[in-house]
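Counting in our numbering, the sequence shown runs from 48 upward without gaps.
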Amino acid sequence: MENGFTRREAMTAAGAAATLGFLSSFLATEALAQHPQAGGGTFVHKLPPLPYPEDALEPVIDKETVKIHYEKHFAAYVAGLNTALENLEKARASGQFDAVKGLSRDLAFNGSGVVLHWIYFTTIGPKAGGAPAGLMADMIKRDFGSFEAFWKQFAAASKTVEGSGWGVLAWEPFSKRLVVLQAEKHQNLTSWGAMPLMVCDVWEHAYYLKYQNRRPEYVENFAKIIDWKKVEERYAQFCAAK
Ligand code: MN3
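Dropping the structure here:
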């Protein structure tokens, strides 16, 4: 995995945005780097398996929404990321970078879509919800004052994303603090260097079948399926600054 990360980092130098720094470290995980491809070449991403049955998030998120979201939308971002990487490899091979602006956009859009959906689906689950305990509880209290204040900010940010996007709890290594961000689409309004730990997908495809235009109700119910132990595991895995 280490090699895949290093190689991939080197190969995506065209997209030098810091976003790719965290992208690479996420994509190097067991969830997405399922085939190390020791022979080199452009990294081919695969849709990781859904870690629970499609109906496991009922009644907060219905089975049909999870099925479409995972098998259609998430899969499309994986395919789009692979296409962008392939086309960038072709551009490097030919030395023709006329299309690099669009390809860089495709890389950022689809790559961010893959990372955020992976975090989304692996940070929620059945038998979850409530308030965090342990390290996450301590960090949230330190950086937001209280869990209640954090949740109000996170929910407000998620509800008010203009158009399609995300509410994001992220770790910012620069300040060594947790921050709440909004992301428009997948990649706009992000703060480079911040590592997403827990996210709420507020694209309509994530909730429309059950909630229609009632995004606030979906966001409030989302609290019932956040798995804070997973959030802490992600922090420990990628972010612990020692
Ligand atoms: Mn989505």
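Backbone N, C-alpha and C define an ideal beta-carbon position, used for all residues, glycine too.
Just so you know, these numbers come straight off a predicted model, no measurement behind them.
query	result
Classification of Ile273 by the beta-carbon crowding that lies within 10 angstroms, buried from 16 upward	buried
With 16 other Cβ atoms within 10 Å as the buried cut-off, status of Glu77	The predicted model places Glu77 with a pLDDT of 44, which falls under 50 and marks its position as unreliable; any figure quoted below should be read in that light. Classification of Glu77: exposed, given that the 10 Å Cβ count is below 16.
The region 160-168 / the region 114-121 touching (three or more Cβ pairs under 8 Å)	yes
Neighbourhood of Ala64 by C-beta, 7 Å cutoff - its chain only, sequence neighbours within 5 removed	Confidence at Ala64 is low in this model, with a pLDDT of 36, below 50, so the placement of that residue is unreliable and no value is reported for it.
Bridge partner(s) assigned by DSSP for Glu219	Arg224
Per-residue burial, Glu279 [other beta carbons within 10 Å of its own, 16 or more giving buried]	buried
Contacts around Ala103, its chain only, beta-carbon distance under 6 Å, and the 5 residues preceding and following it disregarded	Pro173
Own chain, CB closer than 7 Å to Glu136, minus 5 neighbours either side, in chain order	Thr89
Proximal residues to Cys286 (C-beta, below 6 Å), its chain only, five neighbours per side dropped	Trp218, Met242
Neighbour-count burial assignment, Gln21, 16 or more Cβ in a 10 Å radius	Because the chain here runs from 48 to 289, residue 21 falls outside it and cannot be looked at.
Within 9 Å, strictly: CB atoms of Leu182 and Gly212	no
Residue of Lys188, Glu105, Glu251 minimising C-alpha distance to Ala175	Glu105
The ligand MN3 heavy atom lying under 8 Å from the CB of Trp218	no
The ligand MN3 heavy atom lying under 8 Å from the CB of Tyr167	yes
Distance between Val208 and Ile115 (C-alpha atoms, nearest Å)	22 Å
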